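Undergrad: To start, I am sharing the structure in question, which I have written as structure tokens.
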């Protein structure tokens, strides 16, 4: 989501246009009447002018009411509905949890004896980011300004370290500032020539240790530049360019390299702190022997820099693991040539009108998921196994990598085949070092692969667990049970099903995706096909091919013959033309065909069954009582619930449904209408880097508690798209490149929020892996296997394990069908296969050219994320029983979630008119009484003066 902007304002004014025109006409008529009547006698003229004034005031009142109770109703309710206050106790608990997460989610990438620092150590903090750190991203996931933040310097000082303030003051006086995200990619850093020699001399006297802090931001609306020479930014020097043509945002700038050269000349102890939201090219840390340590601190939130200080000072032992793979050269990743701006050259008939405030002039674009299932570590591990890459020359820090101040030994116990399709085993972790610490046991599987058969990666994370804090010499035994069906691969050939092929499955205990500690073989005797007669135990119906249309005309990477087609598959698109066949299936608002069914019966509406929604709290989704309640719904109430799902669910008087409030913010709660907000958490990347599900539970629980106290029942989070590319601008809102790690963390966050009656919206469903063209009919072409095994995985886990009851669909298209109007996604997979019970909201409903309520509800969606009337957010044909039945089911989904949320807890339930409505009605009554009184007085005055005039004449 985005904050309210001028485009929103223009749209609201547009929705009020005819009311304002009508008012203007009435006022003009009143003025003209007052002028024309000047030839009438003085008594009649006075009456006419009074009547004109009364009519004008009445018209203003009536039109104001029509606007306020019509197109502005939702906005007024959200703006004037009030909000609660987060308690001091909850704020304190949240700040504590933020620090704990940052302590476990900071990753120690290198340590050649540079850390920890001794108690009370004096340090020099170099780098502009040290004085102006990155706390998190921008857009929906941004922190707000309602709470004080702990700066990086304060975090160090709070941990007992002494910081050279002269250096901090120097950076504070530097001219350049970090620009507006997406519009300015300046990386402010004083050139070496700007450092006064006296400052450098005093710094060396102050400390023999230099901390060099590098920062990289991220946010909604724009991806990170892959060529900085074409990205808007200010240079740090007139003597050189910070980036040459082809150099990107996630590598060192010329100035940063110069500063690093200077520090490694002046200091023997340099510590690099990467305060960034995406994996960066970090090869430089191994080029300088003076760099004794390096850490990744991925946006630590409100108070997380306290934990960074404690890690440096040694009072916290780092235990974070990378949730992404760090490579030496990001331009060689399998996705690099297939991210960014790829507009079609034959789709101009679908161009958005240039006057549109959101998407003016946009044409359909595309992105090809050419890498298939070989994304992130799956590519690097499998390509290395096939001899297609030199792993050590490509990968610097594997997925799941992270160092500690102590050492651990992990021992794999004897596995036990349970005879029910599961295998169990223990892992004993022993602290063999000198200080207390935590460690992570990572479990992977390597399935049997037939050349040219079902695509399979050689390393796949299947489970993990983190130990408690272990003192030196202490051990902890972690227990694991692996289900065979979780090692099945999706066979997209034929009808398509998950298949567990016969053969040897290597189950390994790893310290990261590449380093195997120990392993055992689990043998499967024969193929197991999870088809209609044998669905996976967690599926309501068996998965089957639904997305063949989304593969498009793309060459996808295959493991066959040792990745023989890698060069062809991973090349940049050679054509910008959509084929005639795919174009014929492209759907937007202008081409959507309404469904008809001559046998469809119009459902009952407006019945008087004497029920209210509160009667259904705790009832099953399929309870027969729902039919009686749904029969009471009026068409107007259904339209309102479906059209106005922006930051709320709308009230429905016909069934006594209360209106509810939703808040935005994966990192910090934000009510864009009242200005209320919450403490800000670390980025989702840092939460994932803890590899500790308990941290995700704390995150979700704290967010739920704060939302509850703010009077909000829905939370627009967690975000769980995958890190397909390091350049994805919004990746800081997403957990990881891995679906299972993302799914575990997101599921626990959803369940944590639900403890407080708050429903979390899983977003963005699905394939929102880039920001470029995200709003403008972005066609995501992908095979069914990677879609299911990777990109839908965290959503699936949140539904099945997290108990999710709300989903936010995405802007982009799945192939040539808008995700928010894709029946294969919203009905076939979400509802039918996974058994989801709840409702689906669109992403921000501004794309009226391709978003429409008709397509949405027919596909299995329920409500539009809009707070005002756009036109296409209303069901267009309420005489078609097919769509009225869809409306009925959509409202069923919405109300099922709402009635089982905090909104219907006895202490929170509030139905009836909003307070502002009651005030408005009171004002109307006063105005009405005054106008009636004025009218009565005017007529009496006129009659009296007319009688007096007649007497005078007589």
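Residue numbers (my numbering): 3 to 956. Each residue gets a CB set at the ideal place from its N, CA and C atoms; glycine is no exception. Keep in mind it's a predicted model, so treat the numbers as computed, not measured.
Near residue 558, which residues of its chain fall below 7 Å by C-beta distance, leaving aside the five closest residues on each side in sequence?
TA: 372, 374, 571, 785
Undergrad: Near residue 801, which residues of its chain fall below 6 Å by C-beta distance, leaving aside the five closest residues on each side in sequence?
TA: If you ignore the 5 residues before and after residue 801, its C-beta comes within less than 6 Å of the C-beta of 836, 838, all in its own chain and listed in chain order.
Undergrad: Threshold first: 3 residues or longer. Then list the beta strand (DSSP E) segments lying entirely within the stretch 197 to 257, N to C.
TA: 211 to 218
Undergrad: What whole-angstrom Cβ distance do residue 751 and residue 701 have, given they're in contact under 8 Å?
TA: 5 Å
Undergrad: Quick one: residues in its chain with C-beta nearer than 8 Å to the C-beta of residue 1, no 5 flanking neighbours on either side, listed in chain order?
TA: Outside the displayed span of the chain (3 to 956) sits residue 1, for which this structure offers no information.
Undergrad: Where do the ends of the beta strand (DSSP E) carrying residue 512 lie?
TA: 505 to 512
Undergrad: Suppose only complete runs of 4+ residues qualify. What are the alpha helix (DSSP H) ranges in the stretch 596 to 635, listed by chain order?
TA: 627 to 634
Undergrad: Excluding five sequence neighbours on each side, which residues of the same chain lie with their C-beta closer than 6 Å to the C-beta of residue 418?
TA: Spatial neighbours of residue 418 in its own chain (CB-CB distance under 6 Å, excluding positions within 5 residues in sequence) are listed in chain order as 426.
Undergrad: Can you check DSSP and say which residues form a bridge with residue 127?
TA: Under DSSP, residue 127 forms a beta bridge with 213.
Undergrad: Quick check on residue 475: does DSSP put it in helix, strand or coil?
TA: coil
Undergrad: Could you tell me which residues DSSP puts in a beta bridge with residue 182?
TA: Its beta-bridge partners do not exist; DSSP assigns none.
Undergrad: Does the Cβ of residue 629 have 16 or more other Cβ atoms within 10 Å, making it buried, or fewer, making it exposed?
TA: exposed
Undergrad: Give a yes or no on whether the C-beta atoms belonging to residue 879 and residue 812 are separated by under 8 Å.
TA: no
Undergrad: Considering only the beta carbon of each residue, do residue 869 and residue 840 sit closer than 8 Å?
TA: no
Undergrad: Pull up the CB-CB distance for residue 362 and residue 354, whole angstroms please, since I reckon it's below 8 Å.
TA: Contact flag correct, Cβ pair sits at about 6 Å.
Undergrad: Return helix, strand or coil for residue 1026, following the three-state DSSP convention.
TA: There is no way to answer for residue 1026, as the model of the chain reaches only from 3 to 956.
Undergrad: Taking 8 Å as the cut-off, does the stretch 427 to 437 touch the stretch 272 to 291 (at least 3 CB pairs, one atom from each stretch)?
TA: no
Undergrad: Is it buried or exposed, residue 3, if we count other Cβ atoms within 10 angstroms and call 16 or more buried?
TA: Any reading at residue 3 must be qualified, since the residue scores a pLDDT of 42, below 50, and its modelled position is unreliable; the value itself is stated next. Residue 3 should be labelled buried.
Undergrad: To the nearest angstrom, how far is it from the Cα of residue 859 to the Cα of residue 647?
TA: 13 Å
Undergrad: So residue 216 and residue 116 are supposed to be a Cβ contact under 8 Å. How far apart are they, rounded?
TA: Contact flag wrong, Cβ pair sits at about 16 Å.
Undergrad: Tell me, please, whether the stretch 539 to 558 touches the stretch 503 to 511 by the rule of three or more beta-carbon pairs shorter than 8 Å.
TA: The stretch 539 to 558, when compared against the stretch 503 to 511, does not touch it at the 8 Å Cβ threshold.
Undergrad: Could you please give the first and the last residue of the uninterrupted alpha helix (DSSP H) stretch that includes residue 467?
TA: Careful: residue 467 lies outside any alpha helix (DSSP H), inside the beta strand (DSSP E) at 462 to 468.
Undergrad: Starting from residue 894, trace the alpha helix (DSSP H) both ways and give me its first and last residue.
TA: Here the alpha helix (DSSP H) through residue 894 covers 883 to 901.
Undergrad: Comparing C-alpha positions only, which one of 239, 449, 401 sits nearest to residue 743?
TA: 401
Undergrad: Would residue 737 and residue 225 qualify as a contact pair, given that the criterion is a beta-carbon distance under 8 Å?
TA: No, they are not a contact pair.
Undergrad: Quick check on this structure: which residue in 805, 316, 326, 862 has the alpha carbon closest to the alpha carbon of residue 118?
TA: Per the C-alpha coordinates, the member of 805, 316, 326, 862 positioned closest to residue 118 is 316.
Undergrad: I need the straight-line Cα distance from residue 508 to residue 537, nearest angstrom please.
TA: 24 Å
Undergrad: Pull up the distance between the alpha-carbon of residue 113 and that of residue 404, whole angstroms please.
TA: 10 Å
Undergrad: So residue 712 packs on residue 86, CB below 8 Å; how close in whole Å?
TA: 5 Å
Undergrad: Secondary structure at residue 918, three-state DSSP: helix, strand or coil?
TA: helix
Undergrad: Taking the alpha carbon of residue 749 as the point to measure from, which residue in 227, 30, 686 has its own alpha carbon closest?
TA: 686
Undergrad: Compare the beta carbon distance of residue 657 and residue 635 with 8 Å and say whether it is the shorter of the two.
TA: yes
Undergrad: What did DSSP end up calling residue 4 once you bin it into helix, strand or coil?
TA: Only weak support is given to the placement of residue 4: the predicted model assigns it a pLDDT of 43, under 50, and the question is left unresolved by the model.
Undergrad: Determine the DSSP secondary structure at residue 295, reduced to helix, strand or coil.
TA: Three-state result, residue 295: strand.
Undergrad: Would you call the stretch 812 to 832 and the stretch 848 to 858 touching, i.e. three or more CB-CB distances under 8 Å?
TA: yes
Undergrad: Select from 202, 184, 131 the residue whose C-alpha is nearest the C-alpha of residue 173.
TA: 131
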